[in-house]
Each structure stands twice: as structure tokens, then as C-alpha cells.
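Here is the structure we will look at.
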Amino acid sequence: MAKVIKEHIHSLLEKGLRQDGRKLLDYRKDISVEYGISPKSAEGSARVRIGETEVVAGVKLGMSTPYPDQQDSGSIMFGAELSPIASDRFEMGPPSIESIEIARVVDRGIRESGAIDFKKLCVKKGEKVWQICVDMYPINDAGNLRDACSLAALAAMKDAKFPEFDKVTGIVNYEKKTKTSLPLTDEPIEVTVLKINNDFVIDPSCEEEEFLDARLTTAFLKDGAICAMQKGGKGALSTEDIGKMVKIASDNVKLLRKAL
Amino acid sequence: MGELFVKERQIVVPGDKLASGMDYLPAGGAYRDGEEIRSSVVGILGINGRVLRVIALKTHYNPRPGDMVIAKITDMTNSLWFAKVDSFRDGLMTLREVPEYVDDGADLTQFYNFGDYVLAKVAAVGRTNLMLTLKGPGLRKISGGRIIEINSAKVPRVIGKQGSMISLLKDKTGCRIIVGQNGLVWVQGAPEHELVAVDAINYINEKGHLQGLTDKVSDLLDKAMKNVVVHDSEEKPQKDKPKKKAKEESDDEEEAPTRRAAGKKAKKTAKRGSKK
Amino acid sequence: MSKKIKRHDGRAADDMRAMEAKVGVVPNAKGSAMFKIGKTIAVAVVRGPKKLHPKFLQDPESGKLRCFYNMISFSGSGDRVRPGPSRRSKEINLVMENALAPALDLTAFPGSAVEVHVNLIQTDAGTRCAAITAAAMALADAGFRMKDLVSAVAVGSINGNVVADLDKTEEDISDAVDIPIAMMPNEEKVTLLQLDGKITQEALLEAVELAKPVCKKIAELQRKAITERYQ
């Protein structure tokens with residue numbers, strides 16, 4: 001922890017400024033979503049850019065057997081890989097706790113909100129169901145990987161088409177895609193707000209993330225309902241803080257939704 | 261009679277054939293391969309008579325004794341501090357190398373703490389470590405301002421000939437600026453002006469190889485400073501005050517090591533090249 | 537290459553698939569590059585030099601190149617690729633290091649590790665060659681001293697004919713021979729050579745010969761991508 005940098009960030013925030021010239025609640029303007037970046041091999045894929053931050057995500061669909069307690073439901077799995085590709089601070093090796101947290105929050109936003117109709121993933125009750133695997137790969141970390149990962153995962157799911165499945169042979173033909181999309185019933189999007197010192201900041205840079213006191217990620221559905229939350233960081237939040245941070249997040253979710 | 265295959269100031273990449281014949285000589289960034297001279301880096305070709313030199317567009321900091329660097333304190337024992345200067349060598353600073361008198365067994369964090377940045381001088385360079393000293397004019401702990409990173413190949417560009425570029429940056433933005441040879445740059449001023457200075461330094465980091473750089477940076481600074489709205493009136497830079505401060509930094513101290521280092525580097529790489 | 541052969545996508549025997557190269561694709565890295573050949577896409581990033589741990593791996597006289605080849609989970613044909621290193625990716629790491637090391641001078645960084653991480657975004661054969669080609673650009677972009685670039689391509693033979701740059705469809709033909717080759721294009725020296733399939737000595741030498749002009753074409757694209765960054 002570098003005191004000089006922390007003090008600098010704090011003193012700027014007090015004046016309503018940030019190191020890159022943005023105001024506290026300015027989301028970066030250049031947000032883009034590109035679909036089908038790996039069309040040959042993925043059932044769905046997308047690239048999200050927020051400023052210089054870049055994340056690619058992809059969907060693989062596979063045939064599996066249902067869980068014993070959910071004989072007529074398919075399943076979904078999320079993964080995020082924070083590798084040294086994206087940043088000097090990431091290491092090789094098994095998934096870090098940070099990557100697990102990112103994937104888990106995206107998972108909850110989609111699973112618990114009912115944004116996927118799992119019943120429609122059932123091919124034969126008790127025997128064959130589709131399993132959706134969504135993996136997120138940050139390519140360049142220039143801050144706010146959480147929002148970018150969530151948006152990329154959703155975009156890849158929107159892009160996905162089922163491959164052909166031969167019910168007789170039980171073989172998935174990945175060479176041929178059908179026109180059927182995933183049974184998405186809603187589109188949860190995460191927005192992260194940081195509390196640094198006594199100020200709130202949106203769409204943080206890497207340095208702001210390093211010196212955060214607390215972080216609140218909120219996922220919103222299309223109608224504005226909240227469907228997942230995660231408080232991060234070692235600091236504590238008052239109920240007023242939470243109210244303000246959720247409000248800031250909900251004010252900005254449309255920016256991200258527009259990019260889809 | 262040898263033949264030249266590239267033009268002066270052309271961008272070349274590793275392996276590019278620059279010339280053939282024994283009458284051309286390779287210097288830094290170029291090497292001899294039998295009859296031919298080739299480039300060993302991505303860089304810009306400089307021709308000086310028969311000497312072909314490739315000036316790298318990016319490089320890794322190569323520490324030399326006497327270099328002024330900005331280092332971050334990362335660890336300490338009871339008798340020395342560890343500081344990060346480059347990406348793989350340990351920077352070491354013993355109790356003797358700081359201006360303060362430090363008692364045996366004293367709490368070293370009271371003097372230089374974890375995460376502090378210091379403006380230090382490289383005293384000696386070993387294979388996997390280097391010795392730092394804080395004894396010398398202008399050397400100290402850094403407080404206030406911010407630190408940005410540039411490629412060490414661009415350090416001479418940010419400083420400029422006889423310090424012309426750094427003077428331009430200081431004069432036009434009213435900021436205090438110190439460029440460490442290791443590519444860390446300290447900038448301090450009113451927030452809005454700091455931002456202008458940082459943008460300009462980043463521009464030099466990206467486009468430092470272009471011709472007419474001084475004019476381009478000057479234009480950029482003029483335009484940006486015109487648009488600056490200073491929110492906090494107390495922070496408004498009175499043109500003279502920061503200038504005076506900049507003087508206190510003692511320009512010589514900042515730039516002298518650069519020239520030394522640059523000279524030495526050129527000589528050494530020339531030797532390296534000709535051996536091949 | 538006078539023999540006219542028919543390839544499934546209409547290419548001539550010595551034709552490569554469409555290629556694309558870009559340098560500086562990961563702004564926060566010192567060096568980075570993307571290389572695309574046909575549908576195979578590789579992104580390479582250089583990290584370091586950093587301290588090499590554990591210490592016994594350190595070379596006191598030079599930095600060490602370490603390569604990390606990684607097919608991302610949705611980049612394979614068929615099932616999802618399990619994340620994490622496999623025996624295959626570990627072997628590729630090794631041959632990549634050996635393919636790049638002859639061109640690279642890391643003597644200025646004793647005891648350190650220079651890491652090249654390559655993510656394959658999509659694959660359609662020729663992935664280790666694409667990874668090496670991207671890695672060489674990323675290393676040059678990062679400012680390391682190299683005596684030459686390294687350019688790689690898979691040559692081989694299908695139905696007894698020597699061809700360049702096999703795609704997955706061709707690789708899957710029963711008598712296909714796959715020969716990934718990396719070269720220092722100016723020195724015309726081979727730094728990677730692997731083969732699987734059945735081939736005569738004559739055909740092997742013909743294929744290696746074919747790799748030369750093909751690698752030179754790739755090198756031309758590499759140098760263009762590197763210089764474009766500074767234009």
C-alpha cells in the first residue's frame with residue numbers, strides 16, 4: 001500500500017476529481033459489446049470493452065444428466081479466469097478467490113433471478129439435460145472487471161444458439177447450430193460502486209480498487225428489481241451508504257444495458 | 261563497398277537487414293552477422309557516418325551507478341530497507357545510506373515505511389540486486405503528488421535535450437516533475453494542472469519517437485491549459501511560485517545522471533554488438 | 537510447387553489461410569500481440585522480467601523464458617476445454633520456449649523469468665504455430681533484444697501432397713501429416729520441428745523447404761504489425 005497514492009486519491013476525491021480526470025460518478029463513455037468473437041468453437045461469445053478494460057466470455061453447451069433432486073431441470077456453471085494475460089497482479093495457478101467471487105456473483109444474478117428457464121433445458125426427464133458453461137476471460141484489466149465480466153457473460157448468453165442434438169444416437173453435433181437461443185427470460189446486469197474514504201465512486205480504475213474501503217456490487221433486472229448483491233472490501237457501510245450506493249448503481253445500469 | 265538497405269529514422273524490427281559489408285559498424289541495437297548488419301530491437305535507425313545504431317522504442321530499465329530513481333519501499337529488516345526499483349532486482353538501502361541517524365534496533369518504519377516512495381540514487385549494481393543511497397542533494401522521501409510509469413526508453417524524451425522538454429512541461433503546467441531513470445515519474449501541482457502534465461507525459465510515452473515532438477507537446481499543453489477550469493481558487497498556480505519550486509529541485513541533479521547513463525549505455529551496447 | 541492439388545477450401549498447396557496481426561492489443565502489458573490465421577486466434581502477452589521462484593530454477597547468467605499456452609474453455613471444437621494445464625499444454629509450453637529462445641537475448645536480466653502467456657480464443661488447427669508467431673511479436677514489442685523474429689506455420693501432407701497451413705478439416709483426414717515448424721525467417725533456421733503422421737524422407741524435406749517462403753510471408757506480416765504501431 002503506497003501512502004502517497006492513497007493520499008493523492010483521497011485529496012482529489014475531496015475536490016470531486018479522479019486521477020483520470022473523471023468526476024466521481026462518471027462512468028467511462030466508451031462501452032462496447034461485440035458478439036460472436038469465437039463463433040467456430042463457442043455456442044455463444046462476446047467481447048466487452050469499458051474504456052481500456054476488455055473481457056471476453058463464451059458459452060459452451062453440453063449434454064449431461066440432471067441432478068437427482070431436479071430431474072427435469074438443466075444446469076448452469078460460471079467461471080472467471082484472472083490470468084497474467086490481463087494484469088501483472090494475477091498469478092498462474094488454481095482459481096484465485098477473486099476470480100471465484102466474480103463468477104459466483106454473476107452466477108447468483110442469473111440463477112436466483114430466474115433469468116433462465118431451467119425446465120426448458122430438459123431434453124429427457126431424469127436422463128438428459130443441457131448444461132450451460134459460461135466462462136469469462138479478462139484480457140486487459142484497466143479497472144472494474146466486475147461490471148465488465150457480468151456484461152460479457154450476459155452478452156455471450158444472448159449470443160448463444162443450441163447445437164444440433166441427435167436424440168437417437170445421443171450425440172451433440174457441434175458443427176451445426178440450431179436457431180434456438182437460450183431460454184433467457186431476463187437480463188441481469190451488475191453495477192459496482194466503491195466507497196473510498198467518505199466518497200462514492202463508480203466504474204473504478206485499478207488504483208481506486210486497490211485503495212477502496214468498501215465495494216458494493218448490485219445486479220439489476222430489466223424492470224429495475226435487484227437480483228444479487230455483494231459487499232466487498234474490509235470497510236463497513238451504514239444503511240445510508242447502502243441506500244446511496246444502490247441508487248448510484250441503478251442510475252447507471254441503463255448505460256450498460258444500452259451497450260447490449 | 262558496403263550497401264545500406266534502410267533509411268535514416270526508419271523503424272526496424274529484430275532481424276531486419278540494415279547493411280552489408282565490413283565498412284559499416286553496428287552500435288547499440290544493431291549487431292553483425294557475418295557480412296551483414298542486422299537490428300536486434302524494435303527501434304529507429306540512426307546513421308552516423310559508418311556507424312549504424314538502432315534506438316529502441318521500448319526497453320527495460322538497465323540500472324547504472326549514479327542513476328536517480330524513484331523507488332518504493334517494500335520490506336525491511338532491522339538493518340536495511342528493501343525497495344522496488346525495477347521488476348526483478350531487489351533494491352537495498354542500509355542504515356548508513358540514509359541522511360538520518362538511525363540507532364541500532366530503532367523502528368525503521370519511523371523513517372521510511374512500507375509503501376513510501378523515495379527519490380534515491382543507485383550506488384552499486386549487482387547481478388540480482390542493487391544498492392541505493394539517500395545521501396546526496398535532493399534525495400528524499402516523496403510526499404504529495406502522484407507517480408506515473410513510463411517506459412524507460414522514453415525517459416530521455418521526457419527530459420529532452422539539456423532538459424528542454426521537462427522545462428517546457430514544468431513551465432506550462434506549473435507542476436513539479438521529477439523523472440526517475442527507472443521510468444517512474446513524480447508529478448505534483450494543482451489537480452487540474454497535474455492532469456494536463458500527466459496527459460502530456462503519457463503522450464510522450466506513446467509518441468515520443470515522432471519528429472517535431474517539442475512543438476506537438478507544446479501545442480497540446482497550450483490547448484489543455486486553456487481548457488483548465490480551476491475549481492479551488494486557493495490552488496490556482498501563481499505562475500512564479502511553482503517555477504521557484506521547480507528551481508529548488510535543482511535541475512542539474514535530475515538530468516546529469518541521464519546523460520551519463522545514456523553515454524555509458526551506448527558504449528557498452530556497441531561493444532556487445534561487435535562481439536557477435 | 538508445380539503440382540496442382542485441390543484443397544477443400546480452394547487454396548493452392550502453398551497458400552495460407554487469411555492472416556491478421558496486431559501489436560499492442562493489451563495496453564497494460566509491456567508487450568502484447570494478436571495473430572489470427574484462418575479461424576485460429578492467439579493473443580500473447582509478455583509479463584516480466586520478474587523474480588524467478590523457486591530459486592533453484594534461476595539462471596545466474598541470464599533471464600529465463602517461460603511460455604504458458606492456454607486454450608480458453610470455449611475455444612475447442614466439440615466439448616468445453618477444462619481450464620488449467622494439461623499434459624498437452626505443458627509440452628507446448630516447452631516447445632514454444634525452445635522455439636523462441638534461440639532468437640532471444642535475456643542476458644541483461646540474470647536470475648529473472650520473462651513470461652509469455654498465450655490465450656487461444658478460437659482454434660482451427662495450427663494453434664502452437666499461431667501462439668509462437670504471436671509470442672515473437674509480443675516479445676519484440678516489449679523491447680527485448682532478439683537477433684531475429686520467429687515465425688511459425690504447420691506444413692504437412694494430405695493425400696500424399698505437400699501443403700502449407702493445414703486447417704482442422706485437413707488435419708482430420710486419415711493420412712494427413714502435420715509438421716509444425718518455427719523459423720528465424722532471416723537466418724532461415726528451424727527452431728521448432730514436430731511431426732505426426734507417416735511421411736517419406738523426400739516429402740519431409742519438401743515440406744520443410746516449403747515452410748521457408750511461408751514463414752517469410754508471416755514474418756513480413758509480423759514486421760508490418762510491429763511497425764504500424766509507431767506510424
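Protein chains in written order, with my numbering: chain A, 1 to 260; chain B, 261 to 536; chain C, 537 to 767.
No residue lacks a Cβ here, since even glycine has one placed at the ideal position from N, Cα and C.
Since this is a predicted model, take the numbers as computed values, not measurements.
task: Mind listing, in chain order, the continuous beta strand (DSSP E) runs of no fewer than 3 residues lying wholly within the segment 279 to 323 of chain B?
output: Within the segment 279 to 323 of chain B, the complete beta strand (DSSP E) runs of at least 3 residues are 290 to 293, 296 to 299, 303 to 308 and 311 to 316.
query: Under three-state DSSP, which class holds A:Ser32?
result: Residue state, collapsed to three classes: strand.
- prompt: Which residues bound the alpha helix (DSSP H) around A:Pro163?
  reply: Segment Lys161 to Asp166 is the beta strand (DSSP E) holding A:Pro163; no alpha helix (DSSP H) there.
message: Just verifying my parser: in three-state terms, what is the DSSP assignment at C:Asp550?
response: C:Asp550: coil per DSSP, three-state reduction.
message: At the level of alpha carbons, what is the spacing between C:Leu728 and C:Asn634?
response: Each residue's alpha carbon lies about 7 Å from the other.
- request: Work out the CA separation of C:Leu702 and B:Arg349 for me, nearest whole Å.
  value: Going by the C-alpha atoms only, they are around 44 Å apart.
field: Extent of the continuous beta strand (DSSP E) to which B:Ser427 belongs
entry: For B:Ser427, no beta strand (DSSP E) run applies; the uninterrupted alpha helix (DSSP H) run containing it begins and ends at Ser424 to Thr433, by DSSP.
field: Residues sharing a beta bridge with C:Ile715, DSSP
entry: DSSP lists C:Val691 as partners of C:Ile715.
query: Does the count of Cβ pairs from the segment 184 to 193 of chain A and the segment 154 to 163 of chain A closer than 8 Å reach three?
result: The segment 184 to 193 of chain A makes contact with the segment 154 to 163 of chain A, as at least three CB pairs between them are under 8 Å.
query: Where does B:Gly386 land, buried or exposed, given buried means 16+ other C-beta within 10 angstroms?
result: By the neighbour-count criterion, in which 16 or more other beta carbons inside 10 Å mark a residue as buried, B:Gly386 falls on the exposed side.
query: Looking at chain A, which residues of the segment 555 to 579 of chain C have a Cβ within less than 7 Å of any of its Cβ atoms?
result: Within the segment 555 to 579 of chain C, the residues whose Cβ lies closer than 7 Å to some Cβ of chain A are Val562, Pro563, Asn564, Lys575 and Val579, listed in chain order.
- request: Measure from the C-beta of B:Phe348 to each C-beta in chain C and report whether the shortest distance is under 8 Å.
  value: At least one beta carbon of chain C lies nearer than 8 Å to the beta carbon of B:Phe348.
query: Which bits of chain B does C:Lys586 rub up against, with CB to CB less than 8 Å?
result: Taking a Cβ-Cβ threshold of 8 Å, the residues of chain B close to C:Lys586 are Ser347 and Phe348, in chain order.
- prompt: For C:Arg583, which residues from the same chain have a beta carbon less than 6 Å from its beta carbon, with the 5 sequence-adjacent residues on both sides left out?
  reply: Non-local C-beta neighbours of C:Arg583 in its own chain, meaning closer than 6 Å and more than five positions away in sequence, comprise Glu651, ordered along the chain.
query: So what does DSSP say about C:His653, is it helix, strand or coil?
result: Here C:His653 sits in strand by DSSP.
Amino acids of chain B, ordered along the chain, whose beta-carbon sits closer than 7 Å to that of A:Ala2: What A:Ala2 touches in chain B: Lys332, Gly375 and Tyr377.
- prompt: Taking Cβ-Cβ distances shorter than 7 Å, what residues in chain A pair up with B:Leu455?
  reply: When 7 Å is used as the limit between beta carbons, B:Leu455 is near these residues of chain A: Gly21, in chain order.
message: Using C-beta distances below 7 Å, list every residue in its chain close to A:Lys3, excluding the 5 sequence neighbours before and after it, in chain order.
response: Here the set comprises nothing.
Backbone CA spacing between B:Thr388 and C:Thr643 [nearest angstrom]: The alpha-carbon atoms of B:Thr388 and C:Thr643 are separated by roughly 12 Å.
Alpha carbon of A:Gly44 to alpha carbon of B:Gly326, nearest angstrom: Approximately 56 Å, taken between the alpha carbons.
- prompt: Roughly how many angstroms lie between the CA atoms of C:Arg618 and B:Thr334, to the nearest whole one?
  reply: In a straight line, the C-alpha of C:Arg618 is about 37 Å away from that of B:Thr334.
message: To the nearest angstrom, how far is the alpha carbon of C:Pro721 from that of C:Lys587?
response: Distance between the alpha carbons of C:Pro721 and C:Lys587 is about 31 Å.
query: Applying the criterion that 16 or more other CB atoms from any shown protein chain within 10 Å of the CB defines a buried residue, is A:Ile18 buried or exposed?
result: Note on identity: in this sequence residue 18 of chain A is Arg, with Ile being the wrong assignment. The residue in question, A:Arg18, is buried, as its Cβ has 16 or more Cβ neighbours within 10 Å.
message: Applying the 10 Å Cβ sphere with the 16-neighbour rule, what's the burial state of C:Glu738?
response: Exposed, since its Cβ has fewer than 16 Cβ neighbours within 10 Å.
message: Quick check: is the beta carbon of B:Arg406 nearer than 8 Å to any beta carbon in chain A?
response: Yes, its Cβ sits closer than 8 Å to a Cβ of chain A.
message: Against chain C, does A:Val123 count as a neighbour if the rule is that its beta carbon must be under 8 Å from one of theirs?
response: Chain C, which has no Cβ nearer than 8 Å to the Cβ of A:Val123, makes this no.
DSSP state of B:Gln448 mapped onto helix, strand, coil: B:Gln448: strand per DSSP, three-state reduction.
query: Since A:Lys273 meets chain C, which of its residues come closer than 7 Å, beta carbon to beta carbon?
result: The requested residue 273 of chain A is not part of the displayed model; chain A covers only 1 to 260.
- request: Taking the CB atoms as reference points, tell me whether C:Phe610 and A:Gly74 lie closer together than 8 Å.
  value: Taking 8 Å as the Cβ cut-off, C:Phe610 and A:Gly74 do not qualify as a contacting pair.
field: Residue burial classification, B:Arg313 (beta-carbon count within 10 angstroms, cutoff 16)
entry: Of the residues assessed, B:Arg313 falls on the buried side of the cut-off, its CB having 16 or more other CB atoms within 10 angstroms.
- prompt: Nearest-angstrom Cα distance between C:Asn695 and B:Leu473?
  reply: Using only the alpha carbons, I get a separation of about 58 Å.
message: I'd like to know whether the C-beta of B:Arg354 is nearer than 8 Å to at least one C-beta of chain C.
response: Residue identity differs from the one stated: residue 354 of chain B is Thr in this sequence, not Arg. Not an interface residue.
field: At least three beta-carbon pairs within less than 8 Å, the segment 28 to 46 of chain A to the segment 218 to 230 of chain A
entry: Of all C-beta pairs linking the segment 28 to 46 of chain A to the segment 218 to 230 of chain A, fewer than three are shorter than 8 Å, placing the two stretches out of contact.
task: Mind reading off the beta-carbon distance from C:Ala569 to C:Ala580? Whole number of angstroms is fine, and I expect it under 8 Å.
output: By a beta-carbon distance limit of 8 Å, C:Ala569 contacts C:Ala580. Their separation comes to about 5 Å.
query: Distance, Cα to Cα, B:Arg356 vs B:Val329?
result: It is roughly 18 Å from the alpha-carbon of B:Arg356 to the alpha-carbon of B:Val329.
Option in B:Asp367, B:Val345 and B:Tyr361 with minimal Cα separation from B:Thr337: Just measuring C-alpha positions, the residue of B:Asp367, B:Val345 and B:Tyr361 sitting nearest B:Thr337 is B:Asp367.
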